[in-house]
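J.: In my numbering, the protein residues as written are 1218 to 1478. We put the beta carbon where it would ideally sit given N, CA and C, even for glycine. In this text the structure is predicted, and so the values were computed from the model without any measurement.
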Ligand SMILES: NC(=O)c1ccc[n+]([C@@H]2O[C@H](COP(=O)([O-])OP(=O)(O)OC[C@H]3O[C@@H](n4cnc5c(N)ncnc54)[C@H](OP(=O)(O)O)[C@@H]3O)[C@@H](O)[C@H]2O)c1
C-alpha cells in the first residue's frame, strides 16, 4: 500500500469507529505519531494500548473550547503537526414533511463546525511544521453526496458540501504558506453509520479499503480523494447535469409521505 516515506505527526478525529478506526489502526501500524480523538474515551484508550506512538485525546468536536484545548495538548505532546485529518461526523436524514431544525443542527454541529474548530486548533501546529521546513496538510472527510443534492440529505449533504467549499476556498488562501488541503469524498462505506441506512448502497466498499485509498491519496498530496471511482465519477457526472434533468433523476429517488412515516 502507498504511504509516506517518513513518519508523520497526525491528529485524527473520529478514530473510534468505521473509516476512522481503520485509518487509526493502519497509521499506528505504519509507525506514525498519532493523536486519536472521538468522544468514546474507553475505545480510544483500547486502540492506543500497547502502541507508544499512539495517544488518546477524547473530545466532542462540537465543543469549540474542548477542541482548542486539544490543540494545546497536541502542541505539548508533539510540538507540531504534519497532518490534521478531520474525519469525525454523523448522518441523519431529514423528513421534509416534519421539518426538524434540531436534526439539522445535530448534523451541522459536528460535521461542519466540528471540522472548522479542528482547523482553528490545528493551524498553529501545522505552521510550526512549516517553520521546521516540513510539508503540512489539512484533510477532511466530506462525502460524495457533496457533489449531488439527494433527497432526505438536506442536512447531511449540505453540511458536507459546506465542508468541501470551505476547505477548497481555504486551500487557495493557505497555498502561500505551503499548507496543503485535501478533501476526501467517499461513496458508500460499510460502517456503523451506513448500517442504519434502509436504502440500496451501490458499490459499497469496506472501511479498510476506504482507509487504504485515503492514506494513499494523502501521501501523494491529492486534492480530491474520491472512491470507489466508478461510483464517484457517476455522481460527479450527475452533479453537472442541467438542473431540470438533475431534478427529474432526483425525483426517482424520493419517498412518498407514506413511505417516510
Ligand atoms: N460510511 C460512509 O458511507 C461514508 C460516506 C461518505 C462520508 N462519510 C464520512 O466519513 C466519516 C466517518 O464515517 P463512518 O462511516 O466511519 O462513521 P462511524 O462509524 O459512525 O464513525 C464516526 C466517528 O466519528 C466520531 N464522532 C461522531 N460525532 C462526534 C463528535 N461530536 N465528536 C467527536 N467525534 C465524533 C465517532 O466517535 P464517537 O462516537 O466515539 O464520538 C466515530 O469515531 C464521517 O464524517 C462521515 O460523514 C462516510
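Determine the direct distance from the alpha carbon of residue 1323 to that of residue 1365, and round the result to whole angstroms.
T.: In a straight line, the C-alpha of residue 1365 is about 21 Å away from that of residue 1323.
J.: In three-state terms, what does DSSP make of residue 1219?
T.: Reduced to three states, the DSSP call for residue 1219 is coil.
J.: Is residue 1479 near ligand 1, in the sense that its beta carbon is under 8 Å from a heavy atom of that ligand?
T.: Residue numbering for the chain in the displayed model covers 1218 to 1478; residue 1479 lies beyond these limits and cannot be assessed.
J.: Hey, out of 1293, 1292, 1233, 1290, whose CA is closest to residue 1265's CA?
T.: If we check each option's Cα against that of residue 1265, 1233 comes out closest.
J.: Return yes when the C-beta of residue 1388 is under 8 Å from any heavy atom of ligand 1, and no when it is not.
T.: Result no, Cβ not under 8 Å from ligand 1.
J.: Could you tell me the boundaries of the beta strand (DSSP E) in which residue 1288 lies?
T.: Not the beta strand (DSSP E): residue 1288 falls in the alpha helix (DSSP H), residues 1281 to 1295.
J.: Mark residue 1443 as exposed unless 16 or more other C-beta atoms lie within 10 angstroms of its C-beta, in which case mark it buried.
T.: It counts as buried.
J.: Where does the unbroken alpha helix (DSSP H) through residue 1426 begin, and where does it stop?
T.: 1424 to 1436 is the extent of the alpha helix (DSSP H) around residue 1426.
J.: Would the region 1431 to 1443 and the region 1411 to 1421 be scored as touching if the rule is three or more Cβ pairs under 8 Å?
T.: Counting Cβ pairs under 8 Å, fewer than three are found: no touch.
J.: In three-state terms, what does DSSP make of residue 1300?
T.: If DSSP states are grouped into helix, strand and coil, residue 1300 belongs with the strands.
J.: Report the option in 1386, 1241, 1455 whose CA atom is closest to the CA atom of residue 1255.
T.: Of 1386, 1241, 1455, the residue nearest in Cα terms is 1241.
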